[in-house]
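Counting in my numbering, the sequence shown runs from -5 upward without gaps. Notes follow the structure.
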Amino acid sequence: MDERRVVSVVFADLVGFTTLSEHLDPERLKGIVDRAFERLVQDVHDFGGRVDKIVGDAIVALFGAPVAHEDDAERAVRAALRMHETLAEYAVEADVEIRMRIGVNTGEVLVGALRAGGDYTAMGDVVNTASRLETSANPGEVLVGHATYQATRDVIGYESRGSLIVRGREGAVEVWAATEALQPPGYRPRRIAPIVGRDSEVALVRHLTELSMRNRRAQSLVILGEAGVGKTRLVDEVFPIMLGVDPRTVSYSGRCVAYGESNPWWPIAEVLREACSIELSESLDSARDKCRATVAEVMQADAVDDVTGRLLRLLGYDEPARPGDPSRGRTDLASGFLAFLEATLRQRPVLIRLADLHWADQIVIDLVDEMMIRLARRPLVFVATGRRALSDRWAPATGRHNTLVLNLGPLQRVASEQLLDSILDESTPQSVRDMVLDRSGGNPLYLEELATLMGGRTDAAAAWHPKLEELPDTLRGLIAARIDDLTADEQGVLADASVWGAEGPVSVLRELGETMRGRRDTDQHVAALSLKDVLVADGETWRFRSDLLREVTYSRLTKNERLRRHRGIATYLDHAASGTVDRTLVETLARHYGEAARLALELDPARPLDETHDRAVHWVGEAARIAAKRESWSVAERLFDSALELAEHARYDRDRLGLLTGRGMVRSHNWNLPGATADAEGAAALAEVLDDDHGRALVDLLWGMILSRSGDLAAGNERFDRAIERFGDVEEFAERAEALRLKGMAALVMGDAAAAEAPIEAAAEAFDSIADRRGRAWAMQNLAWIAFVTGRISLAEQRLTQASEAFQALGDQSGLSWCDGLLAFVRYHQGHFEEANELGRDIFESAKRRGDRWAQAMMLVVVGATEMWMGHATAAAKRASHAVQLFERMNDDSWLKQAISLEARSLAASGRVDLSLERLALLRSIVDVDGWRRQPLMITSAAMATRVLIGVPQEPEIDELVENLADPTARASHELLTAATLAAAQRGRFALAATLAGRIGQLDEAPADGGVSAGSVASNGFGYSAQALAAVAVGDTAVLRAVAADLEAPATYIDRALVRVAVALSRDHDWYEHITAAEQAVHGTDDVCAQGIVALAKAMIAESVGHPDAIRWAVVASDLWSSIGVDPDGWRVLFRAACAVPSLSR
């Protein structure tokens, strides 16, 4: 069967063949070439390649087909270098002048048998480029392309040859000349990253090592797992721990190689080289001296020469045998190694580490078993790593030694996140982090390769999702090799699964196996794939272990084969469907019909449109509309894009009209107003061509959304009213009701709650009249929102309850999410921070899955606000920064200001004052426009609250606002009044501060009306403490005591702390207890400003009462504020005035 594979192509051509043919007899020439090619072909086979063809005096070889290896590019280059060496040796032997030019290139090709001739071969630009590289090479040179160089540059030495213009290609090709191998086969450079998620394994290995050393009993530890899962990293981590158990312990390491080494004892030879300090290039004489000296340290003199000779032969040296020497067979060499090891173990414990044991020759495996049995009562710890294929050919021998086989699985999600944090910059968007985590499937190597691929990408790349062809060839090769290790039947089931999707029911694979491949043994193959960690099977469902496994599996199918399978799945599901089609089936039909139609167009753009294409337009459009109803905006837009691409032909004009207005609504909801405008213009033209009144109504509705969100509410309302009228004329009553709701929502989103209520109430009645429960539920949620922003909290909760119950009955998760999102703001406003935080986090994840950026940003604001008032200022600033980025992308200046206000306040609390003041400057620079964007009270209070927190309230506009608020008729919110009270006190205006504090109490008692939110004390942070501090500054002990007595649980940590500070400032006999309580309130938070305020108050009170530690405490406070970089003069003014008032104890 044809396949698409990533391969490395070696194109090698003899140089000097023509000259030889002119001077040699044809038969002799043929003999020379035959013998040369026999050796060169053997080189290809030795490195795991396959000769594709021999044409005249040229060899074409493939590495990666029909069987892939994780390092096919490396194998190809090593084979090419070896071919030059082989030919040079043969030229001397045959006494001829003959050399080669070789080109190596890596990339995707189509492999399979040609219909004419039936030979297995590869086709594609990669093969042609390899040929061009060969013709450009000098005799004796290996030229490689960019992909080959990237995949092998860590293990092969190169010299740049600049760029090469290849005939038939656009642009130049970067070229490098391979010079030498820098590392032995199987070497893979590794990122130095912390080990995570393996604490239990590390503890187990340490315990086993201690047990072995204490009881002098050999321990065998075999760690098995897929490539990249972290076997070597685990051993790297535990080896120093194991060595630390007994300081006398020595360790030796060896690595098994898959190819390129003729000595079957290679890994044992590496152990001996380390034991005897023998370099790989050491001469026989030097190696003999070092080996003899090492053996002499542990063995009797009469055995030294005999064992030395055996060890040298095991090392690969051709040591001549002496008369009377025992047999030089394999058993003899093994016994020499074991004798040396046993003698060493009599003197000290030994750790032996063999990596990649799955590549070992059987004689090494046999030696390991013999070693553990023979040395069972010695302090030997043997650690081997290998892939799970090792268990198919070997199980560790049992005996009097201890044996543990540790199967290492993928990392859990939390551990993967920790590993990712150590690699990626903290500014990397969460969407990119999630993509890496999902696609890696918990494999650390996959994760590291994907994270490295991020490079220097910034937050602007939040939506970036690398295509398969962008992935490193080493990573693709690694996964392809895993797939090729499977049986043909298992690969067939895996291919079926890859076409279906990332997960699904086993029944689907059974059906595909029977209809597509005529097989009825699917279940046993699914079980086998689960055992091999390729699929995760759970009863009647399955999923791919990682997204990358599915992507590579799917990529190997030809487009024709993908088309056949997608069309077969879609047709089967379409015919099998009966009655109402649920959302899941619609999405599945859309995906498979859509892929089938797209693939058919790619393979033959001129083909006539057929029923498959018609069904694709229908089902993809239907899936888009369903996604839009669920407010999954990013999914909906992608589906609308796909449907519109399929519906370009004139026969689909009526479909296009609905698709354009649908996508335009999605874009407007997601604040992509330029894109929505383009859709509206295109749809308007089509509505006129088709003379479609319903289409005209849809266009009017879309223009209403666009104009209102652009800030022109009057023009938007005009188009909304026209749409409402037209929907009524064509008797589309559900759409008329929805138009009423959207009109109200447009006003609400732009900040005009009063204008929003009437049309949404009308919409609720209209939905009632047509028994549309879902529409009415949305109207009630919207009305709850209006009640919330106008301060009618109880009414908001009542309406939310009605909406939630309706959505629950309908099973509408999107509606429930919006209700819970608003409830999070309600709970935050009420001071129930933990509940609000949990709700906000849950709804953020839901919004992220839906692709709803605005909802994500809103939830980031409420989560950040709760975190700030719970004392997690750094986390709050991070949330706020993320929200700022989202609101900036949507051009939503209203909520952008809210998010920047939160960010500035949180930054100040966490001690980053300069950055906080920069954000406040940015806040003032944003141009005010209508709606929510006209909120001077919120903006000023943010600036004032931040400056009050750091004790630097000097700001002209703050002075003016404080004076204006002295007027009892001036409009004010809780937050504004509390910030103004503290600002006045910090400026020494204590009487004014007391007046403003009195207004706070009046506002608490007053019901909310007129669009002013009364709010809870907890929602603004300083509600109690502002009154208490103003009272203590003027000596009003009655107010101070009343406030302290009324302090409630919902109060914020800083409110509790500063009320305690106020009471301590009265300097009663128990002032120290109160200041200690204040310290405890801010302890455990990362609000360094609050900690500094309490420290300063403690020092100044201590000074005023003559406490012996006053000077020391003053130094502590000074150091703390110095670290923040601020002189808190405002707090000194307030505290100094309070300390000047006679104390209560006098």
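C-beta atoms are modelled at their ideal positions from N, C-alpha and C, and glycine is treated no differently.
Three-state secondary structure (DSSP) of residue i
i: alanine 116; result: strand
i: asparagine 99; result: strand
i: arginine 550; result: coil
i: serine 904; result: coil
i: arginine 200; result: helix
i: aspartate 887; result: helix
i: glutamate 625; result: coil
i: glycine 769; result: helix
i: arginine 544; result: helix
i: tyrosine 253; result: coil
i: valine 244; result: strand
i: leucine 218; result: strand
i: leucine 18; result: coil
i: leucine 418; result: coil
i: cysteine 1133; result: helix
i: leucine 137; result: strand
i: valine 942; result: helix
i: valine 1127; result: helix
i: valine 232; result: helix
i: valine 1120; result: coil
i: valine 1028; result: coil
i: glycine 865; result: coil
i: aspartate 762; result: helix
i: phenylalanine 634; result: helix
Nearest-angstrom beta carbon gap, residue j and residue i [assumed within contact, 8 Å]
i: alanine 496; j: aspartate 541; result: 6 Å
i: alanine 1111; j: leucine 1090; result: 5 Å
i: arginine 1075; j: arginine 1061; result: Rather than arginine, the amino acid found at residue 1075 in this sequence is alanine. In fact, because the Cβ distance is near 19 Å, the residues do not count as touching under 8 Å.
i: leucine 52; j: arginine 44; result: For the sequence presented, residue 52 should be read as alanine rather than leucine. That belief does not hold up - the Cβ atoms of alanine 52 and arginine 44 are roughly 16 Å apart, past 8 Å.
i: leucine 1149; j: arginine 844; result: For residue 1149 there is no data in the structure shown, the boundaries of the chain being -5 and 1140.
i: glutamate 102; j: arginine -1; result: 7 Å
i: valine 942; j: alanine 973; result: 5 Å
i: arginine 267; j: leucine 309; result: 7 Å
i: alanine 678; j: valine 693; result: 5 Å
i: alanine 1072; j: valine 1088; result: 5 Å
Residues bridged to residue i [DSSP beta-bridge criterion]
i: proline 499; result: Thr535
i: isoleucine 48; result: Ile53
i: isoleucine 150; result: Ala175
i: valine 105; result: Glu(-3) and Ala116
i: glutamate 168; result: Ser157
i: glutamine 213; result: Val375 and Asn396
i: methionine 94; result: Leu8
i: serine 702; result: Paired residue(s): none; serine 702 is not in a bridge.
i: valine 530; result: Arg537
i: alanine 2; result: Residue 2 is actually serine in this sequence, not alanine. The partner list for serine 2 (beta bridge, DSSP) reads Phe57 and Thr100.
Counting beta carbon pairs with one atom in the region 386 to 403 and one in the region 212 to 225, are three or more of them shorter than 8 Å? Yes: at least three Cβ pairs fall under 8 Å.
Touching or not, the region 247 to 255 and the region 344 to 354, by the rule of three or more beta carbon pairs under 8 Å? Result yes; three or more Cβ-Cβ pairs closer than 8 Å.
Residue ranges of each beta strand (DSSP E) run of no fewer than 3 residues wholly in the region 807 to 854, ordered along the chain? As summarised for the region 807 to 854, there are no continuous beta strand (DSSP E) elements at least 3 residues long confined to that stretch.
Please give me, in chain order, every unbroken run of the alpha helix (DSSP H) with length at least 4 that falls completely inside the region 342 to 409. Here the runs fully enclosed are 356 to 368 and 384 to 387.
Curious, which full-length alpha helix (DSSP H) runs of at least 4 residues does the region 256 to 330 contain? Runs found: 260 to 270, 278 to 292 and 295 to 309.
May I ask you to verify whether the region 898 to 909 touches the region 861 to 879, counting CB pairs closer than 8 Å and requiring at least 3? Three or more pairs of CB atoms, one per stretch, sit closer than 8 Å, so the region 898 to 909 contacts the region 861 to 879.
Quick check: the region 251 to 258 against the region 163 to 181, are there 3 or more CB pairs under 8 Å? Contact check between the region 251 to 258 and the region 163 to 181: three or more CB pairs, one atom from each, fall below 8 Å, which counts as touching.
Examine the Cβ distances between the region 266 to 273 and the region 355 to 373 and report whether three or more of them are shorter than 8 Å. The region 266 to 273 makes no contact with the region 355 to 373: fewer than 3 CB pairs, one atom from each, lie closer than 8 Å.
Touching or not, the region 575 to 595 and the region 529 to 543, by the rule of three or more beta carbon pairs under 8 Å? Not touching, per the Cβ criterion.
Do the region 505 to 525 and the region 607 to 618 touch if we need at least three Cβ pairs shorter than 8 Å? With the cut-off at 8 Å, the region 505 to 525 and the region 607 to 618 do not touch.
Threshold first: 4 residues or longer. Then list the alpha helix (DSSP H) segments lying entirely within the region 964 to 992, N to C. Within the region 964 to 992, the alpha helix (DSSP H) runs of at least 4 residues that lie entirely inside it are, in chain order, 968 to 980.
Check whether the region 655 to 663 and the region 620 to 630 touch, using three or more Cβ-Cβ pairs below 8 Å as the test. Contact holds: three or more Cβ-Cβ distances are below 8 Å.
Suppose only complete runs of 3+ residues qualify. What are the beta strand (DSSP E) ranges in the region 1036 to 1100, listed by chain order? If we require 3 residues or more, the region 1036 to 1100 turns out to have no beta strand (DSSP E) run fully inside it.
So, does the region 877 to 886 touch the region 665 to 675, judging by three or more C-beta pairs under 8 Å? Taking 8 Å as the limit for Cβ pairs, the verdict is that the region 665 to 675 does touch the region 877 to 886.
Sufficient close CB pairs (3 or more, under 8 Å) joining the region 488 to 508 to the region 10 to 29: The region 488 to 508 vs the region 10 to 29: no contact.
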